[in-house]
Amino acid sequence: MTGQVLVLAEYSEQGPEGISLELLAHGRKLAGQLGAQLGAVILGSDLQRITCQLGETVDDVYFVDSPALRDYNPEVFARVLAEVLRGIQPTLLLLGYTYKGMELGAAVSAILGTLLVSNCTGIELSSNGYVIVERPVPGGTRARLECAMPLFASVPPGVLSSPDSIGRGHGRQISISCSSGLEAARVRIKEVFQVKNADAALTKADVIVAVGRGIGSANNLLPFREMAAKLGGVMACTRPVLDMGWLPQEHLVGLSGFTVKPKLYIACGISGASQHTAGMSGSATIMAINKDPQAPIFGVAHYGIIEDVMTVVPEIMRQLARLT
Amino acid sequence: MRIVVCVKAVPGIVRTVKVSEKRDGLDIQAGSIIFNESDEYALEEALLLRGKHGGQATVLSMGGLLVEDVLRLALARGADRAIRVAASYYDGQRTSFVLAKALEKVGFDLVLAGMESSDSLGSQVAVGTAARMGLPFVFGVTGVAMIDDRTVSVTKELGGGSSEVLDVSLPALLCIQTGGKSISYTPPAKLIQARRRPIDMIGLAELGLASDEVCLNPTFKIIEVFSHRSARQSEILSGQTGEIARRAAAILLEKTARKA
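So the sequence lines, in the order shown, correspond to chains X and P. Numbering follows the working numbering, in which position 25 of the first sequence is assigned residue number 25; successive positions increment by one, without gaps. For the working numbering, count along the second sequence from 1 and bump the result up by 324.
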């Protein structure tokens with residue numbers, strides 16, 4: 001076996017993050033095709049439990065376990081990760097298109113001079129030894145790129161299928177010590193805080209009615225509030241809606257907000273950029289309403305309605321009233 | 325304090341997208357060219373900092389002549405100086421390579437940039453540029469305040485409703501999230517005035533780069549651009565609005581188990 005497909009594993013107290021499991025499952029497939037090992041790389045402190053968990057699924061777990069890595073400091077993590085990658089020389093590094101993956105991927109790509117293709121919606125191997133990646137481009141289209149290895153690629157959560165199992169590995173535990181570069185001299189964490197009202201209303205809801213910029217104005221929120229009330233659901237929004245002050249932060253779904261998996265998610269006037277879909281693509285049923293037939297939201301929705309949202313939603317409300 | 329804001333001119337309405345002749349980029353036919361959204365917030369943050377603490381706010385953009393429209397808008401908003409770097413690449417690697425050289429030439433205490441451009445959707449140029457220059461960087465910034473000449477206090481969004489406050493030593497690069505401040509109004513008279521303001525240009529030669537030095541890099545080629553409606557076969561409800569609404573209502577009731 002030659003080469004290494006490596007996944008930068010993100011984790012919480014509950015274990016590996018969903019995105020990391022998705023990447024490991026996909027990485028296992030690619031490693032099989034390449035005849036390469038599947039590895040996970042993890043940085044932090046008190047990593048014993050998580051490295052054991054990862055060891056059950058991969059061939060090699062590379063970890064840097066240091067009290068200096070207890071808090072996530074991007075500059076320090078980037079420096080350490082670059083050092084680790086320099087040693088492993090992976091054929092392919094997979095990262096989440098998450099806040100951490102975005103900043104660490106960009107930093108190590110620049111430090112090591114390896115191409116990073118970010119925000120990928122597909123990663124496959126070609127028969128002639130290249131990696132074929134897909135990523136969004138403006139105008140509701142995607143581009144397919146042929147890339148030489150070594151390559152770094154990041155994928156948003158929820159794009160690759162959620163794995164039942166990743167397969168078994170030998171689980172070799174490889175501790176890497178970093179003696180220098182751990183001091184966080186230039187960026188110092190002072191305080192971490194939660195936004196007000198950031199309770200779990202959104203993450204526990206069975207039904208979510210989400211609005212995007214396409215609703216046009218804060219004055220247009222009423223029919224969506226009524227729809228949420230009628231279906232026993234709660235309201236959510238995209239980043240632009242928050243930025244314009246139409247709804248407060250506790251309603252934000254996406255990479256910079258909450259990740260939700262309701263039984264029913266109704267996306268109203270939402271184009272479906274990966275920043276938003278990363279937080280909702282795991283919903284059991286998604287209905288999308290958008291007048292732009294090219295909107296990427298139709299790529300994740302189960303049901304699509306290509307209509308002006310302000311016209312069709314009051315009509316749906318009338319029908320709901322008639323049927324119940 | 326010398327603040328440089330990296331801004332990008334992006335297509336507003338996209339008409340067509342094609343693979344470029346060299347297959348290392350995209351030719352986008354756009355109905356309009358606009359200020360990239362998160363860069364607008366980066367400029368706002370810079371202007372607020374300069375207003376409070378003095379100094380100079382410079383805007384810098386990479387691209388062809390078209391980006392000068394956006395640079396003039398930045399001048400109208402209050403930027404002191406505008407610089408166009410005459411180069412343009414699809415990938416973050418070459419972009420950050422050239423941008424780092426340009427920033428070193430211009431000089432700065434603080435670099436602000438948006439988190440993501442709406443055309444590349446990559447979120448990698450700003451952090452990549454900082455990493456190349458060995459600068460401390462913070463991504464997802466929703467607020468910046470000066471502590472003293474050499475330190476800023478930065479609020480960074482972590483997602484899931486939490487944020488953190490960091491002290492960052494200057495020089496540094498911060499990637500600004502949208503929505504942190506409201507964008508201030510630009511009087512039309514300022515827009516007219518800005519039309520006559522000069523824009524400095526930096527070419528690759530002035531950065532000590534031969535164009536082939538930058539182009540050595542691409543280890544990729546773009547094969548094709550395609551529509552992706554089929555990713556998850558969404559069932560499109562079609563017909564008259566009334567009919568669509570009837571179907572939609574029935575589906576919603578079925579999925580919420582509130583059957584008629």
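Glycine included, each C-beta is placed from N, C-alpha and C at the ideal position.
Bridge partner(s) assigned by DSSP for X/Val253: X/Phe258
Pairwise C-alpha distance: X/Leu112 and X/Leu23: 22 Å
Contact under 9 Å by Cβ, P/Thr565 with X/Glu315: yes
For X/Gly140 and P/Ala551, believed in contact at Cβ under 8 Å, the rounded distance: Note on residue identity: the sequence assigns Ser, not Ala, to residue 551 of chain P. Yes, they are in contact, since the Cβ atoms of P/Ser551 and X/Gly140 sit about 7 Å apart, within 8 Å.
Neighbourhood of X/Thr324 by C-beta distance below 6 Å, restricted to the same chain and skipping five residues each side: none
Per-residue contacts from P/Ile547 into chain X (C-beta, under 9 Å): Ile132, Ala143, Arg144, Leu145, Glu146
P/Leu576 (DSSP reduced to helix, strand or coil): helix
Interface flag, P/Ser385 vs chain X, CB-CB below 9 Å: no
Chain-ordered residues of the region 449-469 of chain P with a beta carbon less than 7 Å from chain X: Val451, Gly452, Ala455, Arg456, Pro460, Phe461, Val462, Phe463, Gly464
Chain X contact residues for P/Pro335, given Cβ-Cβ distances below 7 Å: Pro138
Chain-ordered neighbours of X/Tyr303 on chain P, where CB pairs are closer than 7 Å: Ser558, Glu559, Leu561, Ile575
Cα-Cα separation between X/Leu92 and P/Ala513, rounded to whole angstroms: 53 Å
X/Leu255: contacting residues in chain P (beta-carbon distance under 7 Å): Gly483
Exposure label - X/Arg322; buried when at least 16 CB within 10 Å: exposed
Supposed close pair X/Pro74, P/Leu445 - CB separation, criterion 8 Å: Not quite, the Cβ-Cβ distance comes to about 20 Å (not below 8 Å), so this is no contact.
CA-to-CA distance, P/Asn360 to P/Val338, given in whole angstroms: 14 Å
Unbroken stretches of the alpha helix (DSSP H), 4 residues or longer, contained in the region 197-248 of chain X: 201-204, 222-230, 239-243
CB contact check: X/Tyr97 to chain P, cutoff 9 Å: yes
Whole-angstrom C-beta distance between P/Gly416 and P/Ile500, which should lie under 8 Å: With 8 Å as the limit, P/Ile500 and P/Gly416 do not qualify as a contact, their Cβ atoms being about 17 Å apart.
Sheet register partners of X/Cys147 (DSSP bridge): X/Val131, P/Phe544
Where P/Ser486 meets chain X, residues with beta-carbon distance less than 9 Å: Val192, Phe193, Gln194, Val195, Ala198
Contacts that P/Arg570 makes with chain X (C-beta to C-beta distance below 8 Å): Gln319
Between the CA atoms of P/Met457 and X/Gly158 - distance to the nearest angstrom: 34 Å
The region 201-211 of chain X contacting the region 233-252 of chain X, beta-carbon criterion three pairs below 8 Å: yes
Buried/exposed call for P/Glu345, threshold 16 Cβ in 10 Å: exposed
Cβ contact (3+ pairs, closer than 8 Å) linking the region 112-124 of chain X and the region 259-266 of chain X: no
Chain P within 9 Å of X/Gly214, Cβ atoms only: no
Inter-residue CB distance, X/Tyr303 and X/Met317 (contact presumed, cutoff 8 Å): No, X/Tyr303 and X/Met317 are not in contact; Cβ-Cβ is about 17 Å, not under 8 Å.
Whether P/Arg374 touches P/Asp524 by CB criterion (9 Å): no
Proximal residues to P/Leu397 (C-beta, below 8 Å), its chain only, five neighbours per side dropped: Phe359, Thr510, Leu515, Ala518
C-beta neighbour in chain X for P/Ile352, strict 9 Å: yes
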